[in-house]
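Student: I have a structure I would like to understand better, so I am pasting it below and will then ask my questions one at a time.
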Amino acid sequence: KDRRRLEEDDPAIAKALCYLGELYDSQDRLAEAEEKYLEVLRILVPMEESAGTRKLVAEVSFQLGNIYFLQGKLDDALAMSKRSLRVFRRVHGDEHVSLACALNRVGLVFKHKSQLDRAMSKFEQAHEMFCRLV
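The opening position of the sequence shown corresponds to residue 16 in my numbering, with each subsequent residue numbered one higher.
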């Protein structure tokens, strides 16, 4: 085996895919961004033991939630947004700006699914957290 070659599931490849996903996302090439982000998760989720890897999983899940939201795939958006919330909580604990942003995202999806009580609850949790973090 050539020691200079990366394995196909190397975290460096996942990071490069993440950058591609971000670029596609910024160009509104959502299907291509989705494809790259899903590949990042395929690589990183099995090795989620390190905090850095978990943080990237949370961030990519958050971005995928946004892509699905923009595409009108609300169930997928909710699933990814909840995943980002869970992983951000494992990375940062119960008080962090990323966690508050994820709560807002979950609330936004609930709002668009006409689940207004659930949306209000998430928005209130996010607001309270933001206020505590100021």
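Ideal Cβ positions, reconstructed from N, Cα and C, are used throughout, including at glycine.
Just so you know, these numbers come straight off a predicted model, no measurement behind them.
Let me make sure I understand the geometry here. Which of L118, F84, L59 and L45 has the alpha-carbon closest to that of L100?
Tutor: Along the sequence shown, one-based indexing puts residue 100 at 85. If we check each option's Cα against that of L100, L118 comes out closest.
Student: Apart from the five residues just before and just after L89, which ones in its own chain have a Cβ nearer than 8 Å to its Cβ?
Tutor: Locating residue 89 in the sequence shown gives position 74, counting from the first residue. Closer than 8 Å at Cβ, skipping near neighbours: Y83, V124, H127 and K128.
Student: Would you say F77 and A115 are within 7 Å of each other, going by their C-beta atoms?
Tutor: Within the sequence shown, the letter at position 62 stands for residue 77. Within the sequence shown, the letter at position 100 stands for residue 115. No. Outside cutoff.
Student: Compute the distance between the beta-carbons of E49 and L32, then report whether it is under 7 Å.
Tutor: Position 34 of the sequence shown, counting from 1, holds the residue named residue 49. Position 17 of the sequence shown, counting from 1, holds the residue named residue 32. For E49 and L32, no; Cβs fall outside 7 Å.
Student: When you compare the CB positions of Y52 and V75, do they come within less than 7 Å of one another, or not?
Tutor: Mapped onto the sequence shown, residue 52 falls at position 37. Mapped onto the sequence shown, residue 75 falls at position 60. Yes, they are a contact pair.
Student: Using the rule of at least 16 other Cβ atoms within 10 Å of the residue's Cβ for burial, across every protein chain shown, is R147 buried or exposed?
Tutor: The residue labelled residue 147 in the question sits at position 132 within the sequence shown. R147 is exposed by the Cβ-count criterion.
Student: Is M135 buried or exposed, if buried means 16 or more other CB atoms sit within 10 Å of its CB?
Tutor: For the purposes of this step, residue 135 is taken as residue 120 along the sequence shown, with counting starting at 1. Answer is exposed; the Cβ neighbour count stays below 16.
Student: In three-state DSSP terms, what is R104?
Tutor: Your numbering for residue 104 matches position 89 in the sequence shown. It is helical.
Student: Assign S96 to one of two classes, buried (16 or more other C-beta atoms within 10 Å of its C-beta) or exposed (fewer than that).
Tutor: Position 81 of the sequence shown, counting from 1, holds the residue named residue 96. Looking at its Cβ environment, which holds 16 or more other Cβ atoms inside 10 Å, S96 is buried.
Student: Alpha helix (DSSP H) containing M135: first to last residue?
Tutor: In the sequence shown, counting from the first residue as 1, residue 135 sits at position 120. Per DSSP, M135 belongs to the alpha helix (DSSP H) from L131 to L148.
Student: State the DSSP-derived secondary structure class of G87, mapped to helix, strand or coil.
Tutor: Taking the sequence shown and counting its residues from 1, one reaches residue 87 at position 72. In this structure, G87 counts as coil in the three-state DSSP scheme.
Student: What is the rounded straight-line gap between the Cα of A29 and the Cα of L85?
Tutor: Position 14 of the sequence shown, counting from 1, holds the residue named residue 29. Position 70 of the sequence shown, counting from 1, holds the residue named residue 85. Using only the alpha carbons, I get a separation of about 24 Å.
Student: Which word fits V152, buried or exposed, when buried means at least 16 other C-beta atoms lie within 10 angstroms of its C-beta?
Tutor: Because the chain in this structure spans residues 16 to 149, residue 152 falls outside the shown range and cannot be described.
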